[in-house]
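Undergrad: Numbering (our numbering), first residue to last: 9 to 220. What follows is a single structure, and I will ask about it in a moment.
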């Protein structure tokens, strides 16, 4: 069952132009951290159920989806194992992908089925590469190395400042950055609260954050 769900989820990622993607960056003071990018697949699965079973409402379709699954589940799969042989031979990507995992997490109480990828990185250069690999399509098979673009960069000017620039995307991406200390200043339209910064990269392509 879990393999069928993962397959269904990956198939649904073929068209995500109008989907809101959640992007989370957990940043340590040394520039290392964890990167998660995912979206809620329940609406797409429910819509598929509506067409398959002729259900009248999205609520009925969601209930039909949950009848096929336990109230909570957590499936995962290796990103590196599914990567192309060429990518597996690339030393830079091999290291990153060996620490990256596809996941599907369902919680009936929250009425969500989140699917995406979670990754660990040692520095901001690795974070930038991960974002180029996964942010537009979190479950796309990694079959080529992205080319560097002048419109994308992640930099740390000093120990207390982080700058992110990204190209515009078809999908709406809500980014949350978890900083190691309280945020002091944010340049841009992002909203801040203590150690967390939120912004939408479909509305703004540059963000600078400094913290105490």
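Glycine included, every Cβ here is placed at the ideal spot set by N, Cα and C.
From residue 184 to residue 206, what does the alpha carbon distance come to, in whole angstroms?
TA: Their Cα atoms are separated by approximately 5 Å.
Undergrad: Helix or strand or just coil, what does DSSP make of residue 20?
TA: Residue confidence is low: residue 20 scores 45 on pLDDT, short of 50, so the model does not pin down where it sits. Its coordinate-derived value is still stated next. Correct three-state label for residue 20: helix.
Undergrad: Could you name the residues that DSSP lists as bridge partners for residue 113?
TA: 82 and 122, per the DSSP bridge assignment.
Undergrad: Would you mind listing the alpha helix (DSSP H) stretches within the region 132–191 that are 4+ residues and don't spill past its ends, in chain order?
TA: Counting only runs of 4 or more, we get 132–142.
Undergrad: Chain C beta carbons: is any one of them nearer than 9 Å to that of residue 135?
TA: Absent from the structure: chain C. Only one protein chain is present.
Undergrad: Figure out for me which residue from 163, 168, 139 and 113 has the closest Cα to the Cα of residue 154.
TA: Answer by Cα proximity: 139.
Undergrad: Would you say residue 191 and residue 220 are within 9 Å of each other, going by their C-beta atoms?
TA: Going by C-beta atoms, residue 191 is nearer than 9 Å to residue 220.
Undergrad: My output table needs one value for residue 65: the three-state DSSP class, helix, strand or coil.
TA: DSSP places residue 65 in coil when its eight states are reduced to three.
Undergrad: Are the CB atoms of residue 100 and residue 137 nearer to each other than 9 Å?
TA: Yes, these two residues count as a Cβ contact at 9 Å.
Undergrad: Taking only runs that begin and end inside the region 25–51, name each unbroken beta strand (DSSP E) of 3 or more residues, in chain order.
TA: List check, beta strand (DSSP E) in window: 28–35 and 41–48.
Undergrad: Hey, how far is the Cα of residue 86 from the Cα of residue 80?
TA: Going by the C-alpha atoms only, they are around 21 Å apart.
Undergrad: Which residues in the same chain as residue 105 place their Cβ atom closer than 6 Å to its Cβ, once the five residues preceding and following it in sequence are excluded?
TA: Cβ neighbours of residue 105 beyond the five flanking positions: 87, 88 and 91.
Undergrad: For the beta strand (DSSP E) that contains residue 213, what are its first and last residues?
TA: No beta strand (DSSP E) contains residue 213, which DSSP labels as neither H nor E.
Undergrad: Tell me the residue span of the alpha helix (DSSP H) that contains residue 103.
TA: Here the alpha helix (DSSP H) through residue 103 covers 99–106.
Undergrad: Which residues in the same chain have their Cβ closer than 8 Å to the Cβ of residue 211, if we skip the five residues on either side of it in sequence?
TA: Excluding residues within five positions, the ones whose Cβ falls inside 8 Å are 197.
Undergrad: Checking 9 Å against the spacing of the C-beta atoms, do residue 132 and residue 163 come in under that value?
TA: Result yes, Cβ atoms of residue 132 and residue 163 sit closer than 9 Å.
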